[in-house]
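In our numbering, the protein residues as written are 60 to 341.
Contents: one structure, followed by commentary.
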Ligand SMILES: [Zn+2]
């Protein structure tokens, strides 16, 4: 699943379209097989002629803001991605395109390709309506914010509802820190040398500080590596990310820890795998 860094890289690529006039937003033929897109083309007709003012990232969501005040909420889901390509290019590889956006005076188009169809592309009446949408409203601090808000991070970890939970579970909770997914959760805990099974209430203040710095370092490094390509992720230009080349624990069960040589362990927390080194992470 694309995590914060992959969505951030996607955002930076899509920014080339900011300020452009929409020629059309078209729902593809294949999209009409799915309930969430079926019969909804008319909702997007009035975007023709409006200007795409800005795209923002909120956690793993992209919010498309137009000068007609309307807003589109977009989530990449499990395997969704944006493809930026030339209008008349041979796009045979894009088999699951759901949305095609064409711009005035531009040869480049943006295609939302979503194999497993867990993604979202929904119209909202205005910006406030999106900000009040439950999944957006509940988002915690942004893990990609710079400088990393370490005081806020300490504060969110003081909430009663999470004190007894294992830190490996809490880091995936988008209402605590938005943008961390399964890969960067394991990598951040490894860098901070913290065992994922530790209850939040047992973490010392200095450990939380070290963890906050590790989260920020890992997420920023991932953006600079164009994200991780484990299965399907590609950036909008069709390139694979390279963050997987520096992963130290994620997906490495049974491999030797690069620091101490101990075999990397895998445990399951909230049905998600967590990878860690029992010797390095205390
Ligand atoms: Zn180790």
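The C-beta atom is built at its ideal place from N, Cα and C for all residues, glycine as well.
Please read all numbers here as calculations on a predicted model, not as lab measurements.
Shell residues, 6 Å Cβ cut-off relative to heavy atoms of ligand 1: Each of 316, 318, 319, 321, 336, 338, 339 has a C-beta closer than 6 Å to some heavy atom of ligand 1; these make up the full list, in chain order.
8 Å CB neighbourhood of residue 324 in its chain, flanking five on each side removed: Excluding positions up to five away in sequence, the list reads 312, 334, 335, 336, 337.
For residue 190, the three-state DSSP class (helix, strand or coil): Of the three classes helix, strand and coil, the one that applies to residue 190 here is helix, per DSSP.
Residue nearest to residue 257 in terms of C-alpha spacing, selected from 100, 226, 217, 230: Checked all of 100, 226, 217, 230; the closest Cα to residue 257 is 226.
Within 9 Å, strictly: CB atoms of residue 177 and residue 202: Not a contact, by the Cβ cut-off of 9 Å.
Residue 161 in three-state terms, based on DSSP: For residue 161, the three-state secondary structure derived from DSSP is strand.
Integer Cβ distance of residue 303 from residue 287, believed to fall under 8 Å: Between residue 287 and residue 303 the Cβ distance is about 5 Å, and since that is below 8 Å, they are a contact.
The region 99–113 touching the region 75–83, judged by at least three CB pairs closer than 8 Å: As far as the Cβ criterion goes, the region 99–113 touches the region 75–83, which means the pair count is three or higher.
Proximity of residue 267 and residue 250 at Cβ, strictly below 9 Å: Result no, Cβ atoms of residue 267 and residue 250 do not sit closer than 9 Å.
Contact set for residue 143: own chain, Cβ-Cβ below 7 Å, skip 5 residues either direction: Counting only residues of its own chain and dropping the five nearest sequence neighbours on each side, residue 143 has a CB closer than 7 Å to the CB of 72, 167, 169, 295, 296.
Beta-carbon proximity of residue 289 to residue 242, cut-off 9 Å: In this structure, residue 242 lies closer than 9 Å to residue 289 by Cβ.
Beta strand (DSSP E) segment containing residue 112, residue limits: For residue 112, the uninterrupted beta strand (DSSP E) run begins and ends at 111–117, by DSSP.
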